[in-house]
Every structure is written in C-alpha cells, then in structure tokens.
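A short write-up of the structure that comes next.
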C-alpha cells in the first residue's frame, strides 16, 4: 500500500482481502471507526486503522467473537504491546498449523501403507472450540455447551461424514449459481432443504426459525471465514447462498 497515509473504505477492504460491508459492520460495532468522514460521506482510514484492522482480522481468524475482540482492543492501547500480543498469537497459530500439517502427512502415509489410523494423530492440531466465543455471543452458552457435547460424542467417521455433507452442499450451491439458476428456483430450494436439515442435525434436532436461518445466511456473507467456504466454488456463491436461504426462510412458518 506504499507510503500513503490515508485510504478509502474500498481501498482498505481490497488490500485486507475483505469487503466494505464488513468494514462498515466493524465500524458500527465500534471496532474500526474511520479516521475521518469526507464531506461526500465517504469513510477514510489512516495508518492506525491499518494496525487496528490487522489485529481484528487476526483475532477473527483465531475464532473470537466481535464482543470479545472489542474487549481485547479496549484493554490494550499501546501499539508496541498490541503488536507483541499479535505476534504471540501468530506464533501460537503457526504451531497449531504445523501440527495440522504433520497430522495430515501421518494420515496420508498410513492410508497409503494400509496402516491403522489413531484418532489422536488424525485430529492433532484441529480444535473446534476455537469458535467458542463466537457461538456464545450469537446463540448463548447453552447452545455452545450442547453443541460441544454433541460434537465430542461423534466418532471420527461421523465427524468426517458431517463435514463432507456440508462440503457437498456448498459445491452444489456453486454449480447451481454457475448454471444461472435462480436462488428461489425449485432446484436450488432443494439444496437449501438439505442445508436446513444439516443445520438441524448440528443443532441436535432444534429447527432454526426463519429469523435465525436468515441470520445464518447474512453471517455467511459478512464473515470472510464463512464466505470463503462458499466462494471457493466461484465468486458470489456466498451471496447466492444467502439469497437462497432467505427465499427458503419465507416458507418456514408453514413447514412441519
């Protein structure tokens, strides 16, 4: 970004690999206020904003919710101290990723050699609890604890099957978007029905309301981590999914 001292919201979003909508959302939550607002209403950001956004994105990648991130940012104003904390977190993440890489290498080697797998090796470095704060922020501690108990009760094969089901759903969304199907078409709504059932399974039988289901669709677009799960099947797939989920939510009140 050169030696510049000010960036528009579009420029900052492009450089950070996120969206203007996400930056506006961070601003509304008090996480990333603009350095100034122009007479035209446009938001502009300075070098302090860059440092702050860097920390926000890192903490998001580590699975922290926005409320928790706000507390972290409010509690540490010193830039050097913040950067040291940032570096420590990156080092921790590097260790975790290194463990994941070693785990996959071991799984590949044993699979090719026909050797039995050990759960401790297969899942070393993988931690679903990294989203704990975000789940609690959105749906409450009871939802997290119930989901955590359910996830831990699954066998390795069941966890793999649950993940593959979502991967297949995401791929089908991508193919439908690429084929030019409308989000509210019968073909796409059939995919959404599978998606809804997948969520119900993950929520241990609880059926999302129309508002909750629509909220999930909004999160898939607003949160870069979730958007990436869909946009890897083609740019704009996350927004396509949201539109399809919104259309489906309109009929939830009359579904059994």
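In the working numbering, the protein residues as written are 43 to 298.
Cβ coordinates follow ideal geometry from the N, Cα and C atoms, glycine included.
Since we're looking at a predicted model, the values are computed, not measured.
Problem - DSSP bridge partner residues for residue 79 (one or two, in chain order) - result: According to DSSP, residue pairing for residue 79 in a beta bridge involves 85.
Handout entry: Reference residue 278; option with closest CA among 212, 196, 139, 76
Key = 212
Practice task
Determine, using beta-carbon pairs with one atom in the region 214-222 and one in the region 255-267, whether at least three such pairs fall under 8 angstroms.
Solution key: no
Practice task
State the beta-bridge partners of residue 245 as determined by DSSP.
Solution key: Beta-bridge pairing links residue 245 to no other residue.
Practice task
Just the C-alpha distance for residue 202 and residue 56, rounded to the nearest angstrom, thanks.
Solution key: 34 angstroms
Problem - Outcome for residue 54 when other beta-carbon atoms lying within 10 angstroms are tallied against a minimum of 16 - result: buried
Practice task
Could you tell me whether the region 283-290 touches the region 226-236, using the rule of 3 or more Cβ pairs below 8 angstroms?
Solution key: yes
Handout entry: Beta-carbon spacing of residue 282, residue 215 below 8 angstroms
Key = yes
Handout entry: For residue 61, the nearest candidate out of 99, 89, 77, 81 (CA to CA)
Key = Put simply, of 99, 89, 77, 81 the residue whose alpha carbon is nearest the alpha carbon of residue 61 is 99.
Exercise for the section: Return the chain-ordered list of same chain residues with a C-beta closer than 6 angstroms to the C-beta of residue 294, the five sequence neighbours on each side being excluded. Expected result: 252
Exercise for the section: Check each candidate in 151, 73, 78 and name the one with the smallest Cα separation from residue 49. Expected result: Comparing Cα-Cα distances from residue 49 to each of 151, 73, 78, the minimum goes to 78.
Practice task
For residue 52, I'd like the list of residues in its chain whose CB is within less than 8 angstroms of its CB, leaving aside the five on either flank, ordered along the chain.
Solution key: 62
Problem - Helix, strand or coil at residue 50 according to DSSP, with G and I counted as helix - result: strand
Practice task
Could you check if residue 81 is buried or exposed, using at least 16 other CB atoms within 10 Å of its CB as the buried criterion?
Solution key: exposed
Practice task
Within 10 angstroms of the Cβ of residue 273, are there 16 or more other Cβ atoms? Answer buried if so, exposed if not.
Solution key: buried
Problem - Proximal residues to residue 47 (C-beta, below 8 angstroms), its chain only, five neighbours per side dropped - result: Non-local C-beta neighbours of residue 47 in its own chain, meaning closer than 8 angstroms and more than five positions away in sequence, comprise 88, 89, ordered along the chain.
Practice task
In the DSSP assignment, find the alpha helix (DSSP H) that holds residue 265 and state where it starts and stops.
Solution key: Neither: residue 265 is in no alpha helix (DSSP H) and is coded neither H nor E.
Problem - residue 69 and residue 76 closer than 8 angstroms at C-beta - result: yes
Practice task
Please report how far the alpha carbon of residue 238 lies from the alpha carbon of residue 126, in whole angstroms.
Solution key: Residue 238 and residue 126 have their C-alpha atoms spaced approximately 42 angstroms apart.
Problem - Short Cβ contact (8 angstroms threshold) for residue 259 with residue 284 - result: Yes, the Cβ-Cβ distance between residue 259 and residue 284 is below 8 angstroms.
Problem - Segment limits, alpha helix (DSSP H) that includes residue 279 - result: 279-291
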